[in-house]
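Chains as they are written, first to last, in my numbering: chain H, 11 to 295; chain C, 326 to 577; chain P, 338 to 652. We put the CB at the ideal spot given by N, CA and C, even for glycine.
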Amino acid sequence: MDTIAFQGLIGLSMAMYLWLISAGLTIIFGVLRIVNFAHGSLFMVGAYLAYTFYGQMGLPFGVAVVLSLLGTGLLGLVMERWFLSRIYAIDEAYQLLLTFGFILILDDAVKMIWGGVFKIPPIPAFLDGFWPVFGRSFPVYNAFVIAVGLVVAALLWALFEKTWWGRIVRATASDREMASAIGVNVPRVFSAVFVFGSMLAALGGAIGTPVRVVAPGIGATMIIQAFIITVIGGLGNLKGAFVSSLIVGVLSAYGTLFFPVFELFFIFVIMAVVLLIRPQGLFAR
Amino acid sequence: MTGLLTIEAAVKRFGDFVAVNGVSLTIPAGRLTAIIGPNGAGKTTLINLATGALFPDSGAIRFKGEAITRMAVHRRIRKGLSRSFQIMNIFARLSVLQNLLVPVLARRGRAGIAFHAMERETEAVTEARRILREVGLHDQENLPAGALSHGDQRLLELGIAIAPAPELCFLDEPSSGLTPVERATVLDLVRKLSAGRRTTFVIVEHDMDVVFSLADWIVVMNRGQVLAEGPPAEIRENRAVREVYLGEELPA
Amino acid sequence: MTRRLPSRRTIFVGFLVLALFLLPWIVGKYPVYLTIQILILAVFSIGFNLLFGYTGLLSFGQAGFFALGAYGCAKILLVVPNLLLGLAGGVVVAGVGALLLGILSVRHTRIYFSMLTLAFGMMIFSIAWKWRDFTGGDDGLVGIPRAPLEIPGLVSLSVATMERYYYVVLVLSLLAIAAMHRLVRSPLGLTLQAIRDSETRAEFAGVPVRKYRLVAFTIAGLYAGLAGALLPPLENTVTPSIAHWSTSAEPVMATLLGGVHAFAGPIVGAFLFFIIKDIIVRFTEYWLIWFGVIVVALVMGFPGGVMSIFVKRPK
């Protein structure tokens, strides 16, 4: 029983990475109606930047995370402003192709700059260590990740439901022509939302660094997991993304425990089952 | 008169908004019906329910006696229903002739033939050409459909709607966005098709001139319900209808 | 309209086919090897483009079916060294896989569809990577024979040399391309293009859209499977990398390069792909980044005229 509860906690921390990256993807889709295939690559860039600032340059952990968010946000701004915004009017297939091109560029660029060997950055001292939980040793860092994920969820909820900026974003999301007619600067909102979503992805990558390897190709793995989350939760549905992240994270953790060989395969099975019984997603309106 | 299409107490909600609120309607064969009403009255939603683009939350729809309430769109088309669209919905990259070949082939069950060239489907091509002639686009048959003028695209849209040889055809605002000349062409076409074919037309329209010159029967909708229905003369005198249109001049 | 004389395009294609048949007599072994790879990518890509250019469905997971074809063929050849059986088996496995995954995927909007194909492609990759007992894991399968072309009791033709295998690939590729050419000009081809231009209208014209999307997806899978099946006898090994999304990217890039809306586009693109890759690799090992740049340039840089004939996104 203890093992099960413990593994559930592990799953919860895994779920938070998934949540951070899917939140960004969901918000961007909800407002801009585009799926950024390169979203996983932004996660990866966030990870590499954080590794560089923290692991190599020795900056304080918090500073490193903030810098990596800014750096990735800047990258996201370039992607949206100079490229994506110019092709909004065309067939959405070409947007997918464009962001796919970005994956190719970023994946190789990362290899060029940092080399192809994977890195394992150190855990910041104040978050190192273990807590005794359910009779086992639970890494403090995982608890930190869970905390960050929950805080982000609460902040996002507050942002979109309670603030003035959140209301503008929601108005633009539901009807951009109407929003434009009442004076909202829609292109600027788009850019801001895209940057915001990119930074969420980068956050996932940055705080992920001490416990996950930093390697080229993690971008692709993450985007696929983010896709699966959005399929299960319903595209554009933030609450659905949160719950699905929990489901997938926890179930994957149990999958690793009971069927280790098929760990990777497991979430595909979940996705396939959802596709069969409720194709529009578990939480679609 | 036999009911070609019957809608029984159909209800359709979008969240809190009730677009269609318990509509019951019978459309008999051979009577050109117009559905009118202010914006948001539920006219387009009603067509969507009848043609299968949406399913009702409650209520039933019968076509020629058969229940089609939740039947897939393409199967309703095969049964003899059809519609045209208000927003131009043609196959832009295909030629004008090819636009008509698609529904013709589908009706003949030959849409999936993969082993010989299109040119061998001579019967289908002949039929498609005949429809082209009917709508007056035969001299542009090889033009890409996206290159047609706005009015011609509407004619093509009509052509695609009648190509499956439907018994009941819904036209969603067939004259919207057209110049007066184009509008006259479209209306003449509808009149001609209605008289010559075995197709019953149901037209959703805003333009009162169009409605009163074409329709044998008018259905007035407001706020998701049928306010009144009857021959044009009756509707013109109906007080409730006049109120809804707030003193707008109904054609004499 | 029938013509008395063959058109210029037919003559050109005729010459090209003739040149391809004479190729091993003209050039050395390496160009022949390269041409085999180009032909494999060409078959892979025209299947992809049936789905994309003709039906409007963008799949980022075709490598999954390529791998099913390759592994299917390899497993058969390791047991029964009969080339025809191996190839047929690979194609069948890929086709069944495409049918099953297609049923799950084609009922969705185009964006969802693309996401799902990426996910399913990588699912096959992860199976190939992990299932050591069956697929050899990340080491893959080795020692796959370039089995003879054999109909038991009738004929047995060795294709052990590169030149002979080249002719097998050439003939099969030409047949596949010819079949696709016939398909896209048939009523089915027209129906698929209608679905691409306006799914709603196609549905309301009486076309069962979902069914035909599945048909297109399965055919694309069969072609990917054929392309994949031709690989193991050539290289004598298969590794999971052929199921990776970077392999799925190859028909995408080839088709974009050559032209999405022309039948010969993917074939020309396959040729261009290898030429460009060959050039880039001489200067740097990072060739994917340059292809990424090319993809971005192609998507952004279409002159206004070409862009305007693409279907505008409905609001």
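Beta-carbon spacing of residue i, residue j below 9 Å
{"i": "residue 513 of chain P", "j": "residue 563 of chain P", "result": "yes"}
{"i": "residue 606 of chain P", "j": "residue 382 of chain P", "result": "yes"}
{"i": "residue 347 of chain C", "j": "residue 555 of chain C", "result": "no"}
{"i": "residue 486 of chain C", "j": "residue 409 of chain C", "result": "yes"}
{"i": "residue 380 of chain C", "j": "residue 400 of chain C", "result": "no"}
{"i": "residue 30 of chain H", "j": "residue 244 of chain H", "result": "no"}
{"i": "residue 148 of chain H", "j": "residue 13 of chain H", "result": "no"}
{"i": "residue 492 of chain C", "j": "residue 389 of chain C", "result": "yes"}
{"i": "residue 224 of chain H", "j": "residue 27 of chain H", "result": "no"}
{"i": "residue 87 of chain H", "j": "residue 241 of chain H", "result": "no"}
{"i": "residue 489 of chain C", "j": "residue 435 of chain C", "result": "no"}
{"i": "residue 419 of chain P", "j": "residue 481 of chain P", "result": "no"}
Neighbourhood of residue i by C-beta, 6 Å cutoff - its chain only, sequence neighbours within 5 removed
{"i": "residue 326 of chain C", "result": "Bear in mind that a pLDDT of 45 at residue 326 of chain C, under 50, signals an unreliable position, so the number given afterwards is only what the model happens to contain. Cβ within range, chain order: 353."}
{"i": "residue 334 of chain H", "result": "Residue 334 of chain H lies beyond the residue range present for chain H, which begins at 11 and ends at 295; the question has no answer from this structure."}
{"i": "residue 69 of chain H", "result": "63"}
{"i": "residue 330 of chain C", "result": "352, 388, 493"}
{"i": "residue 550 of chain P", "result": "443"}
{"i": "residue 20 of chain H", "result": "263"}
Cβ of residue i within 9 Å of any chain C Cβ
{"i": "residue 428 of chain P", "result": "no"}
{"i": "residue 524 of chain P", "result": "yes"}
{"i": "residue 504 of chain P", "result": "no"}
{"i": "residue 557 of chain P", "result": "no"}
{"i": "residue 598 of chain P", "result": "yes"}
Minimum Cβ-Cβ distance from residue i to chain P less than 9 Å
{"i": "residue 531 of chain C", "result": "no"}
{"i": "residue 108 of chain H", "result": "yes"}
{"i": "residue 24 of chain H", "result": "no"}
{"i": "residue 84 of chain H", "result": "no"}
{"i": "residue 90 of chain H", "result": "no"}
{"i": "residue 268 of chain H", "result": "no"}
{"i": "residue 519 of chain C", "result": "no"}
{"i": "residue 93 of chain H", "result": "yes"}
{"i": "residue 58 of chain H", "result": "no"}
{"i": "residue 339 of chain C", "result": "no"}
{"i": "residue 112 of chain H", "result": "yes"}
{"i": "residue 364 of chain C", "result": "no"}
{"i": "residue 240 of chain H", "result": "yes"}
{"i": "residue 502 of chain C", "result": "no"}
{"i": "residue 443 of chain C", "result": "yes"}
{"i": "residue 281 of chain H", "result": "yes"}
{"i": "residue 423 of chain C", "result": "yes"}
Close beta carbons around residue i, own chain, < 7 Å, minus the five adjacent residues each side
{"i": "residue 498 of chain C", "result": "411, 529, 530, 531"}
{"i": "residue 136 of chain H", "result": "none"}
Cβ neighbour criterion (16 or more within 10 Å) applied to residue i
{"i": "residue 195 of chain H", "result": "exposed"}
{"i": "residue 517 of chain C", "result": "exposed"}
{"i": "residue 627 of chain P", "result": "buried"}
{"i": "residue 472 of chain C", "result": "exposed"}
{"i": "residue 581 of chain P", "result": "buried"}
{"i": "residue 423 of chain C", "result": "buried"}
{"i": "residue 344 of chain P", "result": "exposed"}
{"i": "residue 332 of chain C", "result": "buried"}
{"i": "residue 33 of chain H", "result": "buried"}
{"i": "residue 368 of chain C", "result": "buried"}
{"i": "residue 66 of chain H", "result": "exposed"}
Interface flag, residue i vs chain H, CB-CB below 9 Å
{"i": "residue 467 of chain P", "result": "yes"}
{"i": "residue 642 of chain P", "result": "Only weak support is given to the placement of residue 642 of chain P: the predicted model assigns it a pLDDT of 31, under 50, and the value that follows is read from those uncertain coordinates. With 9 Å as the cut-off, residue 642 of chain P does not count as an interface residue toward chain H."}
{"i": "residue 546 of chain P", "result": "no"}
Neighbourhood of residue i by C-beta, 8 Å cutoff - its chain only, sequence neighbours within 5 removed
{"i": "residue 231 of chain H", "result": "50"}
Inter-stretch contact (C-beta, 8 Å, three-pair minimum) for the segment 274 to 285 of chain H and the segment 357 to 370 of chain C: no
Open item on the list: Under 8 Å, with one C-beta from each stretch per pair, do the segment 37 to 56 of chain H and the segment 108 to 115 of chain H reach the 3-pair mark?
Closed with: yes
Q. Is the segment 494 to 513 of chain C in contact with the segment 441 to 452 of chain C, if contact means three or more CB pairs nearer than 8 Å?
A. no
Next on the checklist: Using 8 Å as the cut-off, can you tell me whether the segment 417 to 429 of chain C makes contact with the segment 491 to 504 of chain P, which would need three or more C-beta pairs spanning the two stretches below that distance?
Outcome noted: no
ask   = Is it a yes or a no for the segment 629 to 637 of chain P touching the segment 589 to 598 of chain P, going by three-plus beta-carbon pairs under 8 Å?
value = yes
Item to complete: Report yes or no: do the segment 461 to 481 of chain P and the segment 571 to 582 of chain P share at least 3 C-beta pairs separated by less than 8 Å?
Response: yes
Three or more C-beta pairs closer than 8 Å, one from the segment 466 to 481 of chain P and one from the segment 438 to 456 of chain P: is that the case here?
no
- prompt: Is the segment 549 to 565 of chain P in contact with the segment 423 to 434 of chain P, if contact means three or more CB pairs nearer than 8 Å?
  reply: yes
Assess contact between the segment 397 to 413 of chain P and the segment 534 to 552 of chain P, defined as three or more Cβ pairs (one per stretch) separated by less than 8 Å. Is contact present? no
The segment 600 to 614 of chain P contacting the segment 92 to 102 of chain H, beta-carbon criterion three pairs below 8 Å
no
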